[in-house]
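Numbering (this note's numbering), first residue to last: 42 to 191.
As C-alpha coordinates, then:
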(Lines of atoms letter the chains of each structure in order from A and count residues from 1; the text may use other names and numbers.)
(Lines give C-alpha, C1' and ligand atoms only; values in the text may rest on other atoms or scores of the structure.)
Protein backbone atom coordinates (compact mmCIF):
# COMPACT_ATOMS: atom_id res chain seq x y z
CA UNK A 1 0.00 0.00 0.00
CA UNK A 2 1.29 3.44 -0.90
CA UNK A 3 1.93 6.06 1.73
CA UNK A 4 -0.68 8.78 2.20
CA UNK A 5 1.74 11.46 1.03
CA UNK A 6 2.28 9.54 -2.21
CA UNK A 7 -1.46 9.29 -2.84
CA UNK A 8 -1.95 12.99 -2.08
CA UNK A 9 0.92 13.96 -4.36
CA UNK A 10 -0.43 11.83 -7.21
CA UNK A 11 -3.94 13.20 -6.63
CA UNK A 12 -2.60 16.77 -6.73
CA UNK A 13 -1.07 16.19 -10.18
CA UNK A 14 -4.52 16.28 -11.79
CA UNK A 15 -5.76 19.09 -9.56
CA UNK A 16 -3.69 22.18 -10.36
CA UNK A 17 -6.18 24.53 -12.02
CA UNK A 18 -7.73 26.99 -9.52
CA UNK A 19 -11.23 26.43 -10.93
CA UNK A 20 -10.85 22.66 -10.62
CA UNK A 21 -9.52 23.00 -7.08
CA UNK A 22 -12.46 25.20 -6.03
CA UNK A 23 -14.93 22.80 -7.62
CA UNK A 24 -13.30 19.87 -5.83
CA UNK A 25 -13.37 21.71 -2.50
CA UNK A 26 -17.14 21.96 -2.94
CA UNK A 27 -17.98 18.79 -4.87
CA UNK A 28 -15.88 16.18 -3.04
CA UNK A 29 -17.60 16.80 0.33
CA UNK A 30 -20.95 17.00 -1.48
CA UNK A 31 -20.34 13.60 -3.09
CA UNK A 32 -19.29 12.14 0.24
CA UNK A 33 -22.38 13.60 1.94
CA UNK A 34 -24.71 12.38 -0.80
CA UNK A 35 -23.22 8.88 -0.93
CA UNK A 36 -23.50 8.49 2.83
CA UNK A 37 -26.93 10.14 2.84
CA UNK A 38 -28.20 7.70 0.24
CA UNK A 39 -26.67 4.74 2.10
CA UNK A 40 -28.18 6.04 5.35
CA UNK A 41 -31.64 5.32 3.94
CA UNK A 42 -30.89 1.56 3.87
CA UNK A 43 -31.09 -0.05 7.30
CA UNK A 44 -29.02 -3.12 8.12
CA UNK A 45 -30.09 -3.75 11.70
CA UNK A 46 -31.76 -1.71 14.41
CA UNK A 47 -29.84 1.58 14.55
CA UNK A 48 -27.26 0.64 11.90
CA UNK A 49 -27.42 1.60 8.25
CA UNK A 50 -25.40 0.93 5.14
CA UNK A 51 -23.80 4.35 5.73
CA UNK A 52 -22.41 3.13 9.05
CA UNK A 53 -20.85 0.10 7.34
CA UNK A 54 -19.32 2.23 4.57
CA UNK A 55 -17.97 4.70 7.11
CA UNK A 56 -16.44 1.92 9.22
CA UNK A 57 -14.74 0.40 6.16
CA UNK A 58 -13.39 3.80 5.06
CA UNK A 59 -12.07 4.59 8.55
CA UNK A 60 -10.31 1.20 8.68
CA UNK A 61 -8.70 2.06 5.34
CA UNK A 62 -7.60 5.47 6.65
CA UNK A 63 -6.17 3.81 9.78
CA UNK A 64 -3.69 1.92 7.61
CA UNK A 65 -1.99 5.25 6.88
CA UNK A 66 -1.06 5.41 10.58
CA UNK A 67 -2.05 9.07 10.82
CA UNK A 68 -4.34 9.60 13.80
CA UNK A 69 -5.16 13.15 12.68
CA UNK A 70 -6.55 11.88 9.37
CA UNK A 71 -8.71 9.26 11.10
CA UNK A 72 -9.99 11.82 13.62
CA UNK A 73 -10.66 14.44 10.94
CA UNK A 74 -12.52 11.99 8.72
CA UNK A 75 -14.48 10.74 11.74
CA UNK A 76 -15.43 14.30 12.68
CA UNK A 77 -16.42 15.17 9.12
CA UNK A 78 -18.54 12.02 8.90
CA UNK A 79 -20.23 12.70 12.24
CA UNK A 80 -21.20 16.19 11.09
CA UNK A 81 -22.65 14.70 7.91
CA UNK A 82 -24.54 12.01 9.84
CA UNK A 83 -26.01 14.71 12.09
CA UNK A 84 -27.70 16.32 9.07
CA UNK A 85 -29.38 13.20 7.71
CA UNK A 86 -32.41 13.01 10.04
CA UNK A 87 -33.26 16.61 9.18
CA UNK A 88 -33.40 16.18 5.41
CA UNK A 89 -36.85 15.29 4.04
CA UNK A 90 -36.70 12.74 1.22
CA UNK A 91 -33.02 12.12 1.98
CA UNK A 92 -32.68 9.38 -0.63
CA UNK A 93 -33.84 11.67 -3.48
CA UNK A 94 -31.99 14.73 -2.23
CA UNK A 95 -28.83 12.62 -1.99
CA UNK A 96 -29.24 11.36 -5.55
CA UNK A 97 -29.76 14.91 -6.83
CA UNK A 98 -26.69 16.24 -4.96
CA UNK A 99 -24.63 13.24 -6.10
CA UNK A 100 -25.40 13.84 -9.79
CA UNK A 101 -24.92 17.60 -9.53
CA UNK A 102 -21.60 17.23 -7.68
CA UNK A 103 -20.26 14.74 -10.24
CA UNK A 104 -21.20 17.12 -13.03
CA UNK A 105 -19.14 19.75 -11.19
CA UNK A 106 -16.24 17.32 -10.80
CA UNK A 107 -16.16 16.39 -14.47
CA UNK A 108 -16.47 20.03 -15.52
CA UNK A 109 -13.49 20.82 -13.28
CA UNK A 110 -11.46 18.10 -14.98
CA UNK A 111 -12.50 19.40 -18.40
CA UNK A 112 -11.15 22.82 -17.38
CA UNK A 113 -8.04 21.14 -15.94
CA UNK A 114 -7.52 19.10 -19.10
CA UNK A 115 -6.71 15.95 -17.13
CA UNK A 116 -8.66 12.80 -16.33
CA UNK A 117 -9.90 12.23 -12.78
CA UNK A 118 -7.42 10.36 -10.59
CA UNK A 119 -9.82 7.52 -9.87
CA UNK A 120 -9.55 6.43 -13.52
CA UNK A 121 -6.00 5.41 -12.54
CA UNK A 122 -6.90 3.86 -9.15
CA UNK A 123 -10.33 3.61 -7.52
CA UNK A 124 -8.75 4.22 -4.10
CA UNK A 125 -8.45 7.87 -5.12
CA UNK A 126 -12.19 8.09 -4.39
CA UNK A 127 -11.19 7.74 -0.72
CA UNK A 128 -8.20 10.06 -1.08
CA UNK A 129 -10.23 12.99 -2.43
CA UNK A 130 -11.83 13.90 0.92
CA UNK A 131 -8.44 13.77 2.68
CA UNK A 132 -6.92 15.93 -0.08
CA UNK A 133 -9.66 18.55 0.36
CA UNK A 134 -9.17 18.57 4.14
CA UNK A 135 -5.38 18.74 3.75
CA UNK A 136 -5.76 21.86 1.57
CA UNK A 137 -7.89 23.49 4.27
CA UNK A 138 -5.81 22.16 7.19
CA UNK A 139 -2.24 21.37 6.05
CA UNK A 140 -1.22 20.24 9.53
CA UNK A 141 -3.68 17.37 9.12
CA UNK A 142 -1.06 15.36 7.29
CA UNK A 143 1.81 16.70 9.32
CA UNK A 144 3.20 19.40 7.10
CA UNK A 145 3.22 23.15 7.63
CA UNK A 146 1.04 25.35 5.43
CA UNK A 147 2.62 26.32 2.13
CA UNK A 148 2.10 29.64 0.38
CA UNK A 149 -0.96 29.58 -1.86
CA UNK A 150 -2.47 26.46 -0.30
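Beta carbons: idealized from backbone N, C-alpha and C, even for Gly.
To the nearest angstrom, how far is the alpha carbon of residue i from that of residue j?
i, j, result
"residue 138", "residue 73", "13 Å"
"residue 53", "residue 112", "20 Å"
"residue 90", "residue 126", "12 Å"
"residue 146", "residue 153", "11 Å"
"residue 167", "residue 144", "12 Å"
"residue 123", "residue 58", "31 Å"
"residue 81", "residue 149", "28 Å"
"residue 160", "residue 174", "15 Å"
"residue 179", "residue 109", "14 Å"
"residue 186", "residue 177", "Confidence in residue 186 is poor, its pLDDT being 47 and thus under 50, which makes the residue's placement too unreliable to answer from."
"residue 84", "residue 132", "13 Å"
Got a sec, what are the start and stop residues for the alpha helix (DSSP H) residue i sits in?
i, result
"residue 47", "45 to 54"
"residue 76", "59 to 81"
Could you tell me how far apart the beta carbons of residue i and residue j are, in whole angstroms, since I believe they sit closer than 8 Å?
i, j, result
"residue 136", "residue 88", "The pair is not a contact, with the Cβ atoms about 20 Å apart (cut-off 8 Å)."
"residue 64", "residue 172", "About 17 Å; that fails the 8 Å criterion."
"residue 86", "residue 100", "Going by Cβ atoms, the distance from residue 86 to residue 100 rounds to 19 Å, so no, they are not a contact pair."
"residue 51", "residue 183", "Not quite, the Cβ-Cβ distance comes to about 14 Å (not below 8 Å), so this is no contact."
Can you tell me where the beta strand (DSSP E) with residue i in it begins and where it stops?
i, result
"residue 85", "84 to 86"
Please state if the CB of residue j and the CB of residue i are separated by a distance shorter than 7 Å.
i, j, result
"residue 55", "residue 156", "yes"
"residue 60", "residue 170", "no"
Please go through the region 95 to 165 and give each complete alpha helix (DSSP H) segment of 4 or more residues, from N-terminal end onward. Listed in chain order, the alpha helix (DSSP H) elements of length 4 or more contained wholly in the region 95 to 165 are 109 to 125, 132 to 154.
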